[in-house]
Amino acid sequence: MAKLRKLKLSLKTGSEPFSGTDAHLYLVMVGPNAERVYRVPTKPGDLEVGKLDIYPAECPDGPEPEDIVSVLLINGMDGNNPAWRILWARLEAVDASGRSWLLADAMIERWLDSTDARAPLAFVPLRRPFAQLEVEDVVGPPVCQLTLIQ
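Following the working numbering, the numbering of the sequence shown begins with 71 at its first residue and continues without gaps.
Structure below.
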């Protein structure tokens, strides 16, 4: 496989009252040669109660898919009312060869909050082996770029 160049992160916020947040969100990839921390380019009005937000983005210095052992979503816990209830997450990717991959599609349904004993993060269960999608470029034109933090 070739290095990932684009990602499409789809996030569904829970429908309970006060499930939304304005906090920064981070996507973390873990594994040998795959350690990356990206800031998700959320904007005001994203991650609100019952809303589906989709982030088709360029992925600077993306890892090779087979190097990814796990993926985490971390709530930065900043801003007003930072707690967030995630319902569902899907992560699709396009590698440097133009192939599309489904990396994760999972119901998570939990609060990402600093008062949670598990911390404000969620493991996004990966689908192994990664499924190659029939679509040539599942992401399409990226509308933003993930900010590589580490």
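Even for Gly, the Cβ is constructed at its ideal location relative to N, Cα and C.
All figures in this text were calculated on a predicted structure; none of them were measured in a lab.
Closest by C-alpha distance to residue i, when choosing among the options
{"i": "Lys73", "options": "Leu97, Arg169, Ile219, Leu191", "result": "Arg169"}
{"i": "Asp123", "options": "Ile156, Gln215, Ala163, Val205", "result": "Ile156"}
{"i": "Ala104", "options": "Val209, Pro130, Trp181, Gln202", "result": "Pro130"}
{"i": "Leu161", "options": "Val98, Pro102, Asp92", "result": "Val98"}
{"i": "Ile144", "options": "Ala192, Gly115, Asn150", "result": "Ala192"}
{"i": "Gly132", "options": "Val205, Glu206, Ile178, Arg75", "result": "Arg75"}
Limits of the unbroken beta strand (DSSP E) element including residue i
{"i": "Asp175", "result": "170–182"}
{"i": "Asn145", "result": "140–145"}
{"i": "Asp83", "result": "Per the sequence shown, the amino acid found at residue 83 is Thr instead of Asp. That run of the beta strand (DSSP E) goes 74–83."}
{"i": "Phe88", "result": "Element bounds for Phe88: n/a, residue is neither H nor E."}
{"i": "Val119", "result": "Segment: none, Val119 is in no beta strand (DSSP E) and carries neither H nor E."}
{"i": "Leu216", "result": "Segment: none, Leu216 is in no beta strand (DSSP E) and carries neither H nor E."}
{"i": "Ala192", "result": "191–194"}
Closer than 6 Å: residue i CB and nearest the ligand COA heavy atom
{"i": "Val110", "result": "This structure lacks the ligand COA; in fact it carries no ligand of any kind."}
Chain-order list of residues whose beta-carbon lies under 6 Å from that of residue i (same chain, five-residue window excluded)
{"i": "Asp183", "result": "Ala153, Pro190"}
{"i": "Ile138", "result": "Met99, Gly101, Ala104"}
{"i": "Leu79", "result": "Tyr125, Leu161"}
{"i": "Val205", "result": "Ser170"}
Same chain, Cβ closer than 7 Å to residue i, five either side skipped, listed in chain order
{"i": "Glu118", "result": "Thr83, Gly90"}
{"i": "Phe200", "result": "Pro135, Trp171, Leu172, Leu173"}
{"i": "Met147", "result": "Ala93, Ser184, Pro190"}
Simplified DSSP state of residue i, which is helix, strand or coil
{"i": "Ala136", "result": "At residue 136 the sequence reads Glu, which differs from the Ala that was named. Helix at Glu136."}
{"i": "Ser167", "result": "coil"}
{"i": "Ala127", "result": "strand"}
{"i": "Pro199", "result": "strand"}
{"i": "Val208", "result": "coil"}
{"i": "Ala159", "result": "strand"}
Status (buried if at least 16 other CB within 10 Å, exposed otherwise) for residue i
{"i": "Leu218", "result": "exposed"}
{"i": "Asp165", "result": "buried"}
{"i": "Arg106", "result": "buried"}
{"i": "Val213", "result": "exposed"}
Sequence-distant residues of the same chain with beta carbon closer than 8 Å to residue i, five excluded per side
{"i": "Glu86", "result": "Val119, Arg155"}
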